[in-house]
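Numbering (this note's numbering), first residue to last: 12 to 410.
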């Protein structure tokens, strides 16, 4: 029970000021809190009323509410993720498999051993035990952190479904120094402009290879290579890119869809993923020539017209691409050619971001072109690439 009332209270100047009191019953005692604004008092009273209702549950009701087996709760959570709703798509199959693996290999065995086998039974001690047990068995920080986050997601789901009556415990896993060092090394895996130049020359070379099979494959792989280098698109976006979204008239490449690991075409995960990327002169030439003869709706489709397998792209395109780049570099015919490591398709995307920053793009432009929903994520991902020119900043600030 809770309500709002008014009260006049004396001020330092001897006058009286109206205050609004939120009053609520906590157990057998009445409590109150004062506010200057009536709407704030009403909002607080509503919160206390809701809390009061929760606290009025009998001991038996609380016990029954939280007695659902955590294993069954996890199964319901996974089923919910597999089911598309009006407000969201179903989770990717690879994500679901990762969750199921974490549950069966780590979360369920450890929590059930510790006694956290019910919705209410998973407390902070159970989470701490899960982390310690995984580390003891040699699990990496990344896998342990994913298990912890997944467990808390399931507990939050239980609260939403009203089968858990206690708050979800807060717990954040601190990164070991070795992990922070690895992340720093990973952040530095960005191809330089000369390495991107080398990759494009390698794509040209493979498209003119003496073997007919190689030439035939690189009829599609070469424009795909240019597309990745000149748009910064994700490989999943390139696999699903339709020819109709190459707009030479407006000078943009429209990113509107993505392909999952099974070749299903979907909308991007966020609205920010739908974006227009400026069309470079180099990409215009390559794509216009390619699309004149492209037989399918998708610009880089397989022979069947479907999105190319990500595994095949790694094995049949990327490995040969990197190898040819290093062969050309070893030949020494062009002083700009540079050795290239196989950092994966995503490193080409990072290189595009780096080139945008070098060309003077600001944080907002970078966020838009890279398709990030949150500028904070863009800053975390690429902030280290922005120049730290303190002297230039001070010069601009001078009066």
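Backbone N, C-alpha and C define an ideal beta-carbon position, used for all residues, glycine too.
DSSP three-state assignment for residue i, whether helix, strand or coil
| i | result |
| --- | --- |
| residue 180 | coil |
| residue 286 | strand |
| residue 13 | strand |
| residue 311 | coil |
| residue 252 | coil |
| residue 80 | strand |
| residue 31 | strand |
| residue 332 | helix |
| residue 397 | coil |
| residue 21 | strand |
| residue 344 | coil |
| residue 54 | helix |
| residue 270 | strand |
| residue 300 | helix |
| residue 186 | coil |
| residue 354 | coil |
| residue 36 | strand |
| residue 263 | strand |
| residue 392 | helix |
| residue 91 | helix |
| residue 405 | Reliability of the predicted coordinates at residue 405 is poor, the pLDDT of 49 falling under 50, and the value obtained from them is presented with this limitation in mind. Residue state, collapsed to three classes: helix. |
| residue 4 | What the structure shows of the chain is the stretch from 12 to 410, and residue 4 is not part of that stretch, so it cannot be assessed. |
| residue 45 | strand |
| residue 277 | strand |
| residue 317 | coil |
Close Cβ partners of residue i (< 6 Å) along its chain, the five nearest in sequence each way excluded
| i | result |
| --- | --- |
| residue 316 | 307 |
| residue 59 | 13 and 35 |
| residue 319 | 250 and 313 |
| residue 405 | Any reading at residue 405 is ruled out, since the residue's pLDDT is 49, under 50, leaving its predicted position unreliable. |
| residue 302 | 254 |
Short Cβ contact (8 Å threshold) for residue i with residue j
| i | j | result |
| --- | --- | --- |
| residue 382 | residue 286 | yes |
| residue 121 | residue 150 | no |
| residue 32 | residue 16 | yes |
| residue 201 | residue 361 | yes |
| residue 161 | residue 84 | no |
| residue 216 | residue 335 | yes |
| residue 140 | residue 347 | no |
| residue 239 | residue 359 | yes |
| residue 357 | residue 283 | no |
| residue 107 | residue 92 | yes |
| residue 137 | residue 174 | no |
| residue 187 | residue 152 | yes |
| residue 81 | residue 133 | yes |
| residue 241 | residue 294 | yes |
| residue 243 | residue 380 | yes |
| residue 20 | residue 26 | no |
| residue 234 | residue 328 | no |
| residue 252 | residue 305 | no |
| residue 30 | residue 51 | no |
Own chain partners of residue i with C-beta closer than 7 Å, once the 5 adjacent residues on each side are dropped
| i | result |
| --- | --- |
| residue 204 | 366 |
| residue 236 | 210, 211, 214 and 332 |
| residue 179 | 163, 166, 167 and 170 |
| residue 391 | none |
| residue 181 | none |
| residue 377 | 364, 367, 368, 389 and 393 |
Nonlocal neighbours in the same chain, by C-beta distance under 8 Å from residue i, ignoring five residues either side
| i | result |
| --- | --- |
| residue 272 | 103, 104, 105 and 321 |
| residue 145 | 117, 121, 154, 155 and 158 |
| residue 56 | 13, 14, 15, 33, 34 and 35 |
| residue 101 | 92, 93, 94 and 95 |
Chain B within 8 Å of residue i, Cβ atoms only
| i | result |
| --- | --- |
| residue 254 | The structure shown contains no chain B; it is built from a single protein chain. |
Are the segment 390-398 and the segment 275-286 in contact at 8 Å, needing three or more beta carbon pairs? no
Stretch-stretch touch, CB-based, cutoff 8 Å, three pairs: the segment 347-354 with the segment 220-231: no
Using 8 Å as the threshold, is the segment 279-299 in touch with the segment 252-260, meaning 3 or more CB pairs across them? yes
Does the segment 218-226 touch the segment 359-378, meaning 3 or more C-beta pairs lie closer than 8 Å? no
Curious, which full-length alpha helix (DSSP H) runs of at least 4 residues does the segment 86-172 contain? 104-113, 119-125, 135-147 and 152-171
Which complete alpha helix (DSSP H) runs does the segment 221-245 hold, if anything under 4 residues is left out? 223-242
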